[in-house]
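Note that UniProt numbering gives residue 50 to position 50 of the sequence shown, counting from 1, and the numbers run on in steps of one.
Reviewing the structure listed below.
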Amino acid sequence: MSAVLRLAGMTSGYGAVAAVRDLDLEVGEGEVVGLLGPNGAGKTTTLLTISGLLQPSRGSIELLGQDLAGRRPHRVARMGVGHVPEDKSLFYQLTVRDNLALGTRTLRRDLDQVTSWFPELARLLNRKAGLLSGGEQQMLALARTLIRRPRILLIDEMSMGLAPIIVERLFGMIGDIQRETGLSVLLVEQHVAMALGACERVYVLNHGQCMFEGAVQVLRKDPALLEAAYLGTSAVGQTA
Ligand SMILES: Nc1ncnc2c1ncn2[C@@H]1O[C@H](COP(=O)(O)OP(=O)(O)OP(=O)(O)O)[C@@H](O)[C@H]1O
Ligand SMILES: [Mg+2]
């Protein structure tokens, strides 16, 4: 499988403090990969660095073989990285339609596509984003990013603050979109069971270091591996 996204030896953080160290990570064409780990492990930092909002102090980040390091966030987005941040970054005073319009010049055409993926949004187009439910806001955040047709979708903590049944639905929608479009997905998630259900392969970070990398199947057979990675007592290098 060819890599859409490839991080090699990536180190990144805030000032002199490295929050992620020496990370090797790959997401293949059409692959759904989870990035897991306890609070403060470096998951958000990793996504921010891929998107160009933070610059790595070492290592490389490639999208389809093109170097992303040093590029500005808008450029990285245009190259095909779609990022749904933890705070969703919606314009809450604007309508759903206007939030979507910010991502495309061909809204009329793209609306059909978006509402086929997220049917709920069809009847909410004139509602202000701030008046939507948490699940609807998450759909809008996903839709606004997907409308730009990214090659890879980075999602930070989609389950945050949402009822499990809503999260399950959102994961189902992402799975459908992924199968339809061949999109690659890198999913940061605290809800481990949900992530294991949605991903083929996961990385587990702890204190900025990768403690496990491998197929979800491996973790299903040996759940102690996941626990050890979360506790920071296992070593990297587990594979399918
Ligand atoms: N703006 C910042 N300035 C300085 N340090 C930061 C900043 N943001 C995060 N950190 C630190 O970097 C480390 C990694 O944080 P990060 O937000 O990437 O973790 P995370 O895995 O996303 O955690 P969570 O599950 O809580 O979202 C933590 O030690 C955190 O305190
Ligand atoms: Mg985070």
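Virtual Cβ for every residue (Gly too), placed ideally from N, Cα, C.
How would you label residue i, buried or exposed, when you count the other beta carbons within 10 angstroms and need 16 or more for buried?
| i | result |
| --- | --- |
| GLY9 | exposed |
| TYR230 | buried |
| ASP156 | buried |
| GLN137 | buried |
| THR239 | Unreliable positioning characterises THR239 in this predicted model, as indicated by a pLDDT of 46, which lies under 50. The coordinate reading is nonetheless provided below. The residue in question, THR239, is exposed, as its Cβ has fewer than 16 Cβ neighbours within 10 Å. |
| ALA224 | exposed |
| LEU140 | buried |
| ASP110 | buried |
| HIS191 | buried |
| ASN39 | exposed |
| GLY80 | buried |
| LEU121 | buried |
| SER116 | exposed |
Which residue wins for smallest C-alpha separation from residue i, given the options the options?
| i | options | result |
| --- | --- | --- |
| VAL202 | GLY37, GLU86 and VAL20 | GLY37 |
| ALA228 | THR95, LEU63, MET211 and GLN217 | MET211 |
| ARG123 | THR145, ARG109 and THR95 | THR95 |
| GLY161 | ASP87, THR106 and GLN66 | ASP87 |
| ALA193 | ILE147, LEU219, ARG109 and VAL84 | LEU219 |
| SER12 | GLY197, LEU170 and GLN209 | GLN209 |
| SER57 | LEU121, ARG151, VAL17 and VAL81 | VAL17 |
| SER2 | GLY65, SER60, LEU146 and LEU102 | GLY65 |
| HIS207 | LEU7, GLY15, LEU5 and ARG21 | ARG21 |
| ASP67 | GLU189, VAL216, VAL4 and GLN217 | VAL4 |
| THR145 | LEU132, GLU189, ILE174 and LEU131 | ILE174 |
| LEU25 | ARG6, ALA101 and MET158 | ARG6 |
| ALA215 | TRP117, VAL27 and ARG97 | VAL27 |
| LEU205 | GLY15, ALA19 and TYR14 | ALA19 |
| PRO150 | PRO119, ALA69 and VAL84 | VAL84 |
Measure the alpha-carbon distance for residue i versus residue j and round it to whole angstroms.
| i | j | result |
| --- | --- | --- |
| THR104 | ALA163 | 30 Å |
| GLY52 | THR45 | 11 Å |
| LEU187 | ILE165 | 18 Å |
| GLY42 | GLY30 | 24 Å |
| VAL185 | GLY34 | 8 Å |
| ARG127 | LEU90 | 13 Å |
| GLY172 | ARG148 | 21 Å |
| ARG108 | LEU125 | 12 Å |
| THR233 | LEU226 | 10 Å |
| GLU213 | TYR92 | 38 Å |
| GLU180 | LEU142 | 15 Å |
| ALA129 | GLY182 | 28 Å |
| ASP177 | VAL32 | The question names Asp, but residue 177 in the sequence shown is Ile. Each residue's Cα considered, the two are about 11 Å apart. |
| GLY59 | VAL114 | 36 Å |
| VAL167 | GLY135 | 8 Å |
| ARG169 | CYS199 | 15 Å |
| GLY15 | ASN99 | 33 Å |
Measure how close the beta-carbons of residue i and residue j come, nearest whole angstrom, since I'm counting them as under 8 Å.
| i | j | result |
| --- | --- | --- |
| LEU63 | LEU54 | 16 Å between Cβ atoms; not a contact. |
| LEU153 | GLY82 | 5 Å |
Return yes when the C-beta of residue i is under 8 Å from any heavy atom of ligand 3, and no when it is not.
| i | result |
| --- | --- |
| ASP156 | Summarising the ligand content, the structure contains ligand 1 and ligand 2 and does not contain ligand 3. |
Would you list the residues whose beta-carbon is nearer than 5 Å to any heavy atom of ligand 1, in the order they occur in the chain?
Those residues having their beta-carbon less than 5 Å away from any non-hydrogen atom of ligand 1 are, in chain order, TYR14, ALA19, ASN39, GLY40, ALA41, GLY42, LYS43, THR44 and THR45.
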